[in-house]
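Going by our numbering, the letters in the sequence shown line up with residues 805 to 943, in that order.
All C-beta atoms, glycine included, are put in the ideal place defined by N, C-alpha and C.
Quantities reported herein were computed from a predicted structural model and do not represent experimental measurements.
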Amino acid sequence: SRIEQVTRDVSKLLPPGRTLGWELQPRISEEYTYEPDRYRTYVLGARILTEKQVKDARAESIEFLPYVNTEFDEAGAKALAESTRPLVDQRMAVLAFGDVISVPLVKGELGGGSLVLSMERSGGMPAAEKLAAALKSNR
805 SRIEQVTRDV
815 SKLLPPGRTL
825 GWELQPRISE
835 EYTYEPDRYR
845 TYVLGARILT
855 EKQVKDARAE
865 SIEFLPYVNT
875 EFDEAGAKAL
885 AESTRPLVDQ
895 RMAVLAFGDV
905 ISVPLVKGEL
915 GGGSLVLSME
925 RSGGMPAAEK
935 LAAALKSNR
């Protein structure tokens, strides 16, 4: 596909240990008509956590806003806290199934061993349920 070709070409230009990530950004016009999707690219650093460090993951929603409530084991909680400490006021990419699903601004060290992943721009409740099931299946 075109994305895979661009990824291969651009990755050759990145510093060692960096990769290219993609986030699908569907667009709906003001008239609620479909417009072609677009993608945003990110240069990604080292992986901080994997699904193997997930203790529990649940798809939930508040007022129709879906999210995945994710809890990590002790090693995952420690890795999350240590890795987010130097990222305050910077963005951190969250990937699932190889795609960027969220790029939140880190406002402080993420201690406590849990993370809430908003899914409103990433496929809604069906995507939240799929992600939660995939994370739980790798425990």
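Contact check for L939 against T874 passes: the beta carbons are separated by less than 8 Å.
Measuring C-alpha to C-alpha distances from V858 to each of G849, A881 and T888 identifies A881 as the nearest.
Contact annotation: the stretch 859-870 does not touch the stretch 902-916, with fewer than three C-beta pairs closer than 8 Å.
Between V847 and R812, the gap from beta carbon to beta carbon reaches 8 Å or more. Bridge partners of G825 according to DSSP: Y846. If the five residues before and after D877 are omitted, its C-beta is found closer than 6 Å to the C-beta atoms of Q857 and K859, all from its own chain and listed in chain order.
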